[in-house]
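Structure below.
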């Protein structure tokens with residue numbers, strides 16, 4: 141009886157492992173229960189190194205097992221275009237371990253995590269809120285927060301006090317999110333120990349416990365109800381509840397007001413879906429519900445604090461290590477915007493900062509905020525000669541693609557010129573995936589670029605980024621959001637007129 145149970149247990153652990161062989165898809169051999177996870181999360185190897193090695197052996201499309209789940213890894217730009225653009229309707233949903241059930245129910249309502257018809261409805265309703273017209277109108281609010289960031293950095297420069305980049309830029313982005321979403325002035329930069337920023341940091345902090353949750357769900361999906369019962373998931377339940385309760389109160393207060401405000405919350409309240417059906421999907425609800433509005437507001441906080449602040453810390457690190465690039469950015473800012481702080485940048489003026497934008501994009505190529513694009517195949521289909529059954533997960537490793545020597549010359553070198561003029565035209569869109577690609581591309585792309593540019597404009601007119609530590613920048617490999625292994629610290633000095 142004992143051996144029979146042991147045999148049944150082993151059979152369960154290898155039950156799916158013939159999946160890719162039947163489809164004649166090459167890939168590394170899996171181990172029982174864990175699939176290819178041991179090598180992917182081995183500290184001595186790591187996800188990126190493992191994918192790079194497997195690509196060299198099996199090509200740009202190969203099959204692996206994420207625990208017991210068969211997943212297709214794709215680094216071929218043409219196949220990526222097929223997934224994200226041409227055959228998008230078959231890859232609408234994101235692939236998430238546990239089918240998204242480790243997410244708080246509120247977060248499943250966000251435009252990032254929503255699936256199928258829910259995602260289509262949310263995306264269509266929210267897209268007008270991020271139009272150029274709306275961003276022009278809201279730029280003045282971001283200017284205020286960027287000026288506060290500049291003052292904070294200048295004070296630190298005068299005092300000769302190094303700054304921990306993630307904390308400072310996280311506070312700036314949190315202030316921008318609060319101002320743009322609710323018209324609130326948190327001024328987190330004046331109190332880095334404040335409740336909101338502490339909760340935001342706690343909310344997006346990913347620790348090794350995530351690996352245990354993934355392992356438990358990946359091996360034994362039946363344990364999901366138990367985890368949900370105890371409110372165990374990717375984001376800490378208490379942090380989600382803190383923001384949910386505060387955001388709900390703000391939404392209800394706004395609804396009771398007679399006078400309309402000029403922020404994203406007002407745009408979400410006014411958003412309307414006029415069509416009742418699209419592409420065969422039922423589209424109920426012409427207005428966003430209260431929970432849907434609260435969910436999008438929470439997403440602004442998560443995406444901004446984790447994504448935009450992460451991009452800023454890597455950007456300022458590169459500017460510190462490449463003083464010539466920093467000076468070119470400063471010159472462009474002074475030429476296009478003006479050197480006086482009263483020369484307030486407009487949305488249109490920000491669009492003229494072509495070199496600055498190239499610097500940001502080169503940073504995002506090397507340090508994409510999200511390491512992987514994940515999709516779930518919803519219908520039986522083919523990718524080239526590869527058959528992909530419905531339910532198959534797809535992983536597109538952004539970081540590996542941005543550092544691939546076959547796709548970028550000298551990929552380890554920081555060269556903003558890649559994204560300027562004719563060179564920019566030669567960059568395959570499917571190789572620059574910092575914001576995704578296709579219909580599910582980041583809805584806040586233009587807003588993210590705007591708040592990064594405004595931070596640069598205000599801070600670089602007042603301070604010089606003298607240096608940054610650590611000398612060799614290494615990043616964590618086990619989480620989907622790019623994070624330095626050692627916190628980045630910036631050394632600043634007041635900018636002298638001769639510097640420009």
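Residue numbers (the working numbering): 141 to 640.
Idealized CB from N, CA, C, for every residue including glycine.
Just so it is clear, the structure is predicted and the values come from calculations on it, not from any experiment.
Checklist line | Cα-Cα separation between residue 277 and residue 430, rounded to whole angstroms | finding: Distance between the alpha carbons of residue 277 and residue 430 is about 25 Å.
Next item on the list: Using three-state DSSP, classify residue 524 as helix, strand or coil.
Entry: coil
Check: Could you give the distance in angstroms between the alpha-carbon of residue 257 and the alpha-carbon of residue 281?
Finding: So the two alpha carbons sit approximately 34 Å from each other.
Checklist line | CA nearest to the CA of residue 457, picked from 177, 627, 491, 155 | finding: 627
Check: Quick one: complete beta strand (DSSP E) runs, 3+ long, within the segment 469 to 542?
Finding: Listed in chain order, the complete beta strand (DSSP E) runs (minimum 3 residues) inside the segment 469 to 542 are 512 to 516, 521 to 523, 526 to 528, 533 to 537.
Item checked: Rounded separation between residue 158 and residue 440 - CA only -> 41 Å
Check: Based on Cα-Cα distance, which residue from 534, 304, 200, 569 lies nearest to residue 234?
Finding: When each option's Cα is compared against that of residue 234, the closest is 534.
Check: Skipping 5 residues on each side, what residues in its chain have a beta carbon closer than 7 Å to that of residue 638?
Finding: Unreliable positioning characterises residue 638 in this predicted model, as indicated by a pLDDT of 44, which lies under 50. A coordinate reading is not provided.
Item checked: Check whether residue 570 and residue 577 have beta carbons under 8 Å apart -> yes
Check: Where does residue 154 sit, in a helix, a strand or coil, going by DSSP?
Finding: Helix.
Checklist line | 7 Å CB neighbourhood of residue 599 in its chain, flanking five on each side removed | finding: If we look at residue 599 and ignore the five residues flanking it on each side, its Cβ neighbours are 289, 290, 293.
Next item on the list: Specify the secondary structure class of residue 376 as computed by DSSP and reduced to three states.
Entry: Three-state DSSP puts residue 376 in coil, outside helix and strand.
Item checked: Among 521, 180, 387, 594, the one whose alpha carbon lies nearest that of residue 324 -> The residue from 521, 180, 387, 594 with its alpha-carbon nearest to that of residue 324 is 387.
Check: From what residue to what residue does the alpha helix (DSSP H) around residue 608 run?
Finding: From DSSP, residue 608 is part of no alpha helix (DSSP H) but of the beta strand (DSSP E) over 603 to 609.
Item checked: Alpha carbon of residue 584 to alpha carbon of residue 230, nearest angstrom -> 23 Å
Next item on the list: Quick one: grab the DSSP three-state call for residue 429.
Entry: DSSP places residue 429 in coil when its eight states are reduced to three.
Notebook entry, point to check: Across which residues does DSSP place residue 204 in a beta bridge pair?
Noted result: Per DSSP, 211.
Next item on the list: Give the DSSP bridge partners of residue 615, in chain order.
Entry: 624
Next item on the list: Assign residue 162 to buried or exposed, taking buried as 16 or more other Cβ atoms, counted over all protein chains shown, within 10 Å of its Cβ.
Entry: Exposed, by the Cβ-count rule.
Next item on the list: Kindly indicate the opening and closing residues of the beta strand (DSSP E) around residue 634.
Entry: 629 to 634
Item checked: residue 392 versus residue 438 - alpha carbon distance -> 15 Å
Checklist line | Three-state class that DSSP yields for residue 304 in the structure shown | finding: strand
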